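According to the numbering used here, the stretch in the sequence shown is residues 1 to 72, in order.
Ideal Cβ placement from N, Cα and C applies to all residues, glycine included.
For clarity, every value in this text was computed on a predicted model and none was experimentally measured.
To start, the structure itself, in structure tokens.
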Amino acid sequence: MKILQDYTIVTRPDDNGTFVAYVPAISGCHAWGKSSEAALSELVYAFEMIQEEYQDRGETLPTDNCLLITVY
């Protein structure tokens, strides 16, 4: 079984002063919070719900095949 740490996780400030955290490899796996840490904490719950949905359907989670490039 895959865990959240098996995936690339992106966090960034959102337009409204909050932060968003998401897993690019898994559609719909995203969460918001007042800080980057809060968004990551909420992402854990989102990932667990999505993982349960995949298990209920007898499917496996997608493979992480993301390439991230940081631009300074």
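According to the DSSP secondary-structure assignment, P13 is paired through a beta bridge with F19. Out of Y7, W32, E48, D64, the CA that lies nearest to the CA of D15 is found in W32.
The C-alpha of A21 lies about 26 Å from the C-alpha of G58. By the neighbour-count criterion, in which a residue is buried when 16 or more other Cβ atoms sit within 10 angstroms of its Cβ, Y7 is buried. In the three-state reduction of the DSSP assignment, A25 falls in the coil class.
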